[in-house]
Amino acid sequence: MDNVIPIAAEYKRRVEAALPGRVAKVVLFGSRARGDADADSDWDVAVFLRDDVGSRELDVLADVGTALLLQTGAVIQPVPLPISRENEDSLFLRHIRRDGVLV
1 MDNVIPIAAE
11 YKRRVEAALP
21 GRVAKVVLFG
31 SRARGDADAD
41 SDWDVAVFLR
51 DDVGSRELDV
61 LADVGTALLL
71 QTGAVIQPVP
81 LPISRENEDS
91 LFLRHIRRDG
101 VLV
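Residue 1 is where the sequence shown starts when you use the UniProt record's numbering, and the numbers rise one by one after that.
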């Protein structure tokens, strides 16, 4: 997983620069976090924001992911969520809490 963290960390760094003060935390989840990814696996990233998610935030997450794709070949699949949903009891969020790696 050593090669995973630098890409996820770079994604986080760029998102935080584009949305100053808005990012509460970034969590890598899915096959890359579990360590069972193959070379073609995408990068599932939960981006918890301090308040509601709007079109500007969606655009930033997509633009940063596209830039990294062009530079590294990594396909980032961001999932933006308000931090208020972090402890919600849903199957999806339970998987993030169970398998996720804080970036």
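Just so it is clear, CB atoms sit at the ideal spot from N, CA and C, and this is done for glycine as well.
Is the distance from the Cβ of residue i to the Cβ of residue j below 8 angstroms?
{"i": "Glu57", "j": "Leu19", "result": "yes"}
{"i": "Tyr11", "j": "Val64", "result": "yes"}
{"i": "Leu68", "j": "Ile7", "result": "yes"}
For residue i and residue j, which I take to be in contact (beta-carbon distance under 8 angstroms), what is that distance rounded to the nearest angstrom?
{"i": "Arg50", "j": "Arg22", "result": "5 angstroms"}
{"i": "Leu28", "j": "Val45", "result": "6 angstroms"}
{"i": "Ser41", "j": "Ser31", "result": "5 angstroms"}
How far does the alpha helix (DSSP H) with residue i in it reach, from first residue to last?
{"i": "Leu58", "result": "Ser55 to Thr72"}
{"i": "Leu49", "result": "Careful: Leu49 lies outside any alpha helix (DSSP H), inside the beta strand (DSSP E) at Trp43 to Leu49."}
{"i": "Leu19", "result": "Run containing Leu19: none; DSSP gives neither H nor E here."}
Applying the criterion that 16 or more other CB atoms from any shown protein chain within 10 Å of the CB defines a buried residue, is residue i buried or exposed?
{"i": "Ser90", "result": "exposed"}
{"i": "Pro78", "result": "buried"}
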